[in-house]
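Reviewing the structure listed below.
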């Protein structure tokens with residue numbers, strides 16, 4: 001039996017929509033821990049998210065000792 005073509009046309013990566021510099025992606029992080037600690041950061045850029053993760057990793061090392 002011959003294969004039927006997919007009803008959804010493939011998109012080339014060049015035609016995929018991109019965010020313009022005016023609509024930059026922003027990130028929200030909300031962490032709630034069982035001990036009652038609540039960490040919330042809104043409107044983060046990718047660099048801000050990386051910085052938050054680095055700080056949380058450092059905090060984990062401190063609390064681990």
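Numbering (the UniProt record's numbering), first residue to last: 1 to 65. Beta carbons are placed, not taken as given, at the ideal position from N, Cα and C, and that holds for glycine.
Next on the checklist: Measuring straight from C-alpha to C-alpha, what distance separates residue 26 and residue 33?
Outcome noted: Cα-Cα distance, rounded: 23 Å.
Next on the checklist: On the DSSP letters alone, give me the boundaries of the beta strand (DSSP E) that residue 28 sits inside.
Outcome noted: Secondary structure note for residue 28: its beta strand (DSSP E) is the uninterrupted segment 27-32.
Item to check | Neighbourhood of residue 24 by C-beta distance below 8 Å, restricted to the same chain and skipping five residues each side | outcome: The beta carbon of residue 24 lies closer than 8 Å to those of 45 in the same chain, with the five residues before and after it left out.
Checklist entry - In angstroms, rounded to a whole number, what distance separates the CA positions of residue 56 and residue 39? => result Near 10 Å, if we compare the C-alpha coordinates of residue 39 and residue 56.
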